[in-house]
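One gets this note's numbering by counting positions in the sequence shown from 1 and adding 1279 to each. All C-beta atoms, glycine included, are put in the ideal place defined by N, C-alpha and C. Just so we're clear, the structure is a prediction, and the values are computed from it rather than from any experiment.
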Amino acid sequence: MDRRLVVLFAVACGASVANLYYAQPLLDRIARDLDVSPGAAGLLVTASQIGYALGLVTIVPLGDLIARHKLVGPLMAACTLALLGAAAAPGLPVLLLAILGVGLTAVVAQVLVPLAGALAADHERGTVVGTVMSGLLIGILAARTFAGLLAAVAGWRAVYIAAAVMSALLGVVLHRMLPRLAPADPDLTYTSLIRSLWPLVRDEPVLRRRMIYGAIGMAGFTVVWTSLAFLMAEDYGKGEAETGLLGLAGLVGAGAAMGAGRLADRGWAHRATGTFLLCVVGGWGLLWAGGESIAALIAGLVLVDLGMQGQHITNQSILYALRPEARSRLTTLYMTGNFAVGAIASATSAVAWSAGGWDAVCLVGGGLAVLGCLVWLDEHVRARPTVRR
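Below is the structure:
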């Protein structure tokens, strides 16, 4: 696969998914500007999550029915309009509607990832997916830092204007550069497409196993980033800018995890999964020490993000080789599981912080990491080496 196209996919995925996270460091500014309560402004995060969930279930599966390149352009255009609507919103109701649209169209990232898997040759699929997924995670981690810094200089509306310009430019470039591919299964109807989701889960044990790994990884990732702002504010006396800059530590882990796809390409997915799970366990140990040491906190963030992203890349590399004609539906199932568990983990993290502070948060996150290792150990004991995935 052309290296320039891989980089374009990575940038587009990162920019698209970043749109979901811009609001998080801006909630206080938005609340003051629109004269609403912080709780009401917090509904913006909920709106983006609802939109994204709807898009995962209703739009992403279309990639197995319609040529994926035909979905990308309209989604990028709609995302641009939604971002402009957010920038121009006169009040909270309009802003909520615009952010719902942003979440719905941000699933273009989950259309591009299986498209990259389809375009890649068998021997390079893991490497390509790893690069694209690293771009996606970098977008998530960089979004908070970018939004916080730009809003401090030019206001929160400037963040959405800049995001709209980026979305429009990427839409034009993608329209010109995306290869034209036939749909994976043009004989399917939309109804049969949606009905086929459960049989995929029922009939594919590899999918079920990788959904478990992915959900555990996403839960741990969400637990740490949900409560990190509380730790920085209450224990270190730092604000949103400093908390946002900690996302740079996560970028180191995300970049280091790009090699996970190469391991999957070489048939080392099972060993790689175990190694990344151990990284997460070690990371949570450092995060626990990070309650009193900023150096340990940064090192822990690097390891947790490295382990989570490494698992994620390995999982998707395996899934895209599993059923080529169903890559978009596999993405829907895998990401919906991640999203649902991540939402539960976010609430659990907040409860843990209220109940026992950072120690309780680390107990939850560390417990999830150990659970992942136990799942891997069970697979290792049960499976023959020739069939381990």
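Go through its chain and collect everything with a Cβ distance to residue i's Cβ below 7 Å, but skip five positions before and after it.
i	result
A1419	Sequence check: residue 1419 is Ile here, not Ala. So the list reads V1296, A1297 and Y1300, once near-sequence residues are dropped.
A1442	N1298, Y1301 and L1362
R1488	E1658
A1494	G1616, N1617 and V1620
G1450	G1352, M1355, A1356 and T1359
A1421	A1297, G1526 and L1530
I1440	A1366
I1491	V1654
Given residue i, which residues of its chain have a CB within under 8 Å of its CB, disregarding the five upstream and five downstream residues?
i	result
L1305	A1426, G1427, A1430, W1435 and V1438
D1638	W1567 and G1570
L1350	I1338, L1341, G1342, V1387 and V1390
V1660	none
A1461	A1346
Can the beta-carbon of residue i be found closer than 8 Å to that of residue j?
i	j	result
A1662	G1589	no
A1365	I1378	yes
G1496	G1651	yes
M1445	A1629	no
D1343	A1605	yes
V1392	M1412	yes
I1573	Y1515	yes
S1607	L1354	no
L1274	M1456	Coverage of the chain is limited to positions 1280 through 1668, which leaves residue 1274 absent and any answer about it impossible.
L1333	L1476	no
V1480	L1601	no
M1511	T1522	yes
G1279	W1547	Residue 1279 is absent from the structure shown; the chain starts at 1280 and stops at 1668.
L1453	A1291	yes
A1648	G1499	yes
G1561	W1655	no
Q1275	R1423	Nothing can be reported for residue 1275, as the shown portion of the chain is limited to 1280 through 1668.
V1640	A1631	yes
L1374	A1368	yes
Y1599	R1404	yes
G1330	V1285	no
A1508	G1414	no
L1371	V1315	yes
V1503	V1559	no
Q1328	M1614	no
V1339	T1610	yes
H1402	D1281	no
L1565	G1586	no
Does DSSP put residue i in a helix, in a strand, or in coil?
i	result
V1620	helix
I1345	coil
P1369	coil
D1657	helix
R1459	coil
S1468	It should be noted that the sequence gives Thr, not Ser, for residue 1468. Coil at T1468, not helix or strand.
S1316	coil
V1666	Caution applies to V1666, whose pLDDT of 47 falls short of 50 and renders its modelled position unreliable; the value that the coordinates give is listed next. Looking at V1666 - three-state DSSP - the assignment turns out to be coil, as it is neither helix nor strand.
G1516	coil
A1433	helix
Y1439	helix
R1602	coil
L1525	coil
Y1300	coil
Sorted by chain position, which residues of the same chain lie with C-beta nearer than 6 Å to residue i's C-beta, five sequence neighbours on each side aside?
i	result
G1409	M1537, A1539, G1540 and I1592
L1394	R1347
L1542	A1551
I1309	A1320 and W1435
E1513	none
V1666	Interpretation of V1666 is limited by its pLDDT of 47, a score under 50 that renders its predicted location unreliable; no figure is taken from the coordinates.
Y1469	none
A1399	M1280 and V1407
Counting along the chain, where does the alpha helix (DSSP H) carrying residue i start and finish?
i	result
Q1328	L1322 to T1337
P1478	L1476 to D1482
D1307	L1306 to L1313
A1291	R1282 to A1297
Would you please verify whether the beta carbon of residue i is less than 8 Å from any beta carbon of chain D?
i	result
L1363	The structure shown contains no chain D; it holds only a single protein chain.
Output the residue ranges of the alpha helix (DSSP H) runs that lie fully inside the region 1541 to 1594 and measure 4 residues or longer, sorted by chain position. Given a length threshold of 4 residues, each whole run of the alpha helix (DSSP H) inside the region 1541 to 1594 is given here in chain order: 1548 to 1568.
Runs of alpha helix (DSSP H) lying entirely within the region 1376 to 1422, each at least 4 residues, in chain order: Runs found: 1387 to 1398.
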